[in-house]
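This report concerns only the one structure given below.
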Amino acid sequence: MDSPLKILVTGKRGQVGWELQRTLMPLGRVFAVDRESMNLADSSAIVQTIAHLKPDVIVNAAAYTAVDKAETEQALAMQINGQAVQVLAEEAKKHKALLIHYSTDYVFDGTKSQPYSENDTTAPVNYYGVSKLAGEQAIQTVASDYLILRTSWVYGNRGNNFLLTMLRLMQERETMAIVSDQYGTPTWARFIAETTAHIIKQALQEKAERLFTSGVYHLTATGDTSWHGFAQMILQLAKKNAWQPELKIKTLDKTGTANYPTPAKRPLNSRMATEALCERFSLHLPSWDEALALCMERLHNGD
Ligand SMILES: NC(=O)c1ccc[n+]([C@@H]2O[C@H](COP(=O)([O-])OP(=O)(O)OC[C@H]3O[C@@H](n4cnc5c(N)ncnc54)[C@H](OP(=O)(O)O)[C@@H]3O)[C@@H](O)[C@H]2O)c1
Numbered sequence: 143m144d145s146p147l148k149i150l151v152t153g154k155r156g157q158v159g160w161e162l163q164r165t166l167m168p169l170g171r172v173f174a175v176d177r178e179s180m181n182l183a184d185s186s187a188i189v190q191t192i193a194h195l196k197p198d199v200i201v202n203a204a205a206y207t208a209v210d211k212a213e214t215e216q217a218l219a220m221q222i223n224g225q226a227v228q229v230l231a232e233e234a235k236k237h238k239a240l241l242i243h244y245s246t247d248y249v250f251d252g253t254k255s256q257p258y259s260e261n262d263t264t265a266p267v268n269y270y271g272v273s274k275l276a277g278e279q280a281i282q283t284v285a286s287d288y289l290i291l292r293t294s295w296v297y298g299n300r301g302n303n304f305l306l307t308m309l310r311l312m313q314e315r316e317t318m319a320i321v322s323d324q325y326g327t328p329t330w331a332r333f334i335a336e337t338t339a340h341i342i343k344q345a346l347q348e349k350a351e352r353l354f355t356s357g358v359y360h361l362t363a364t365g366d367t368s369w370h371g372f373a374q375m376i377l378q379l380a381k382k383n384a385w386q387p388e389l390k391i392k393t394l395d396k397t398g399t400a401n402y403p404t405p406a407k408r409p410l411n412s413r414m415a416t417e418a419l420c421e422r423f424s425l426h427l428p429s430w431d432e433a434l435a436l437c438m439e440r441l442h443n444g445d
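To convert a position in the sequence shown, counted from 1, into this note's numbering, add 142.
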């Protein structure tokens, strides 16, 4: 019998990493690591872990994701999102492993009026975006077999995300003002993980047939909204899911980015075109609100 495929997943306690542990299970043996077992700030820990496990696939779901804090912790953000990614890429190449890496809508400056395609010029407006772009470029320079999946506005039923923050605040406050001039696509972490499993399966088949090509793809749900629109939909679905008795919120006002200063600037347009991913991997992507409804139903039922 062939030995099972070995898959290394980083960031196992993160939104996407957590879901990957389950969705990748049918593909092979999953070795999921956290910062205690493989600290990305420690290059030798990365080298040793990969030399020991000899994975066939590395899925890097770990990242420095504190967008505002990254402005003052630039060296750390670059170490995790740039330098560590370069080490992962070098080790993936050395061990002939397929590298799957996540990146972000924040590599773009948001001035385009249409959704961004993969080949559009990158120009991050904050340091988190700068560090994530450095990670992308490191992978492309080392040039092993890789897929970089840019995603956006990630939420799920654990971790720090807009959905959980809104549900908490809606139970504490009667009014809130939410930014209504930044547009993007909310994307469920579980959906990213499920889609990643599908992508890996096909990529391995392509590799076996020597048809594989590396590349950058956009992986989000479809459609778009503003943060205010996202909050409104959360409220509507919360009422439907019988969170109603706990909800204090009466009004959700709109505000502009200019009235809501944050340490890190955000792009006004975060929308990304997903046609290239759908075409290559024969995917149907759900609309963002359809996925949100399913996520909130699961959340309500403790799943
Ligand atoms: N969240 C978003 O809205 C968003 C949007 C676009 C793209 N992305 C990208 O999508 C990917 C997954 O994001 P996510 O939302 O799942 O992130 P997340 O929930 O913030 O999880 C990130 C994970 O990285 C781990 N990590 C951070 N520093 C580490 C270190 N030094 N060594 C080892 N592990 C470390 C964290 O560990 P601890 O649990 O110990 O802190 C955490 O488990 C990332 O590449 C992110 O850049 C996210």
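The C-beta atom is built at its ideal place from N, Cα and C for all residues, glycine as well.
Please return the same chain residues whose Cβ sits closer than 8 Å to the Cβ of residue i, not counting the five positions on each side in sequence.
i	result
Ile188	Met180, Leu182, Ala226, Val229, Leu230 and Glu233
Ser468	In the structure displayed, the chain extends from 143 to 445; residue 468 sits before or after that span and is not available.
Is DSSP giving residue i helix, strand or coil here?
i	result
Asn411	strand
Gly252	coil
Met191	Checking the displayed sequence, the identity of residue 191 turns out to be Thr instead of Met. Looking at Thr191 - three-state DSSP - the assignment turns out to be helix.
Lys196	coil
Val201	strand
Leu147	coil
Arg164	helix
Phe423	helix
Thr263	coil
Gly398	coil
Leu240	strand
Leu353	coil
Leu377	helix
Gly159	helix
Between which two residues does the alpha helix (DSSP H) carrying residue i extend?
i	result
Asp431	Trp430 to His442
Lys349	Ala331 to Ala350
Ala219	Gln216 to Met220
What residue range is occupied by the uninterrupted beta strand (DSSP E) comprising residue i?
i	result
Tyr270	From DSSP, Tyr270 is part of no beta strand (DSSP E) but of the alpha helix (DSSP H) over Tyr269 to Val284.
Met318	Thr317 to Val321
Going straight from the alpha carbon of residue i to that of residue j, what length do you get?
i	j	result
Asn268	Asp210	8 Å
Ile334	Leu389	29 Å
Phe372	His237	42 Å
Ser286	Lys396	46 Å
Whose C-beta lies closer than 6 Å to the C-beta of residue i among residues of the same chain, with five residues either side of it excluded?
i	result
Met220	Ser273
Glu213	Tyr269, Pro405 and Ala406
Tyr258	Phe250 and Met414
Tyr402	Val321
Leu291	Tyr244, Tyr359 and Leu361
Excluding the 5 residues preceding and the 5 following residue i in the sequence, name in chain order all residues of the same chain whose CB lies nearer than 7 Å to its CB.
i	result
Ala204	Thr152, Gly153, Gly156, Gly159 and Leu182
Gly326	Asp247, Ser294, Trp295, Asp366, Ser412 and Arg413
Looking at C-beta atoms only, is the number of pairs between the region 189 to 202 and the region 359 to 367 that lie closer than 8 Å three or more? Taking 8 Å as the limit for Cβ pairs, the verdict is that the region 359 to 367 does not touch the region 189 to 202.
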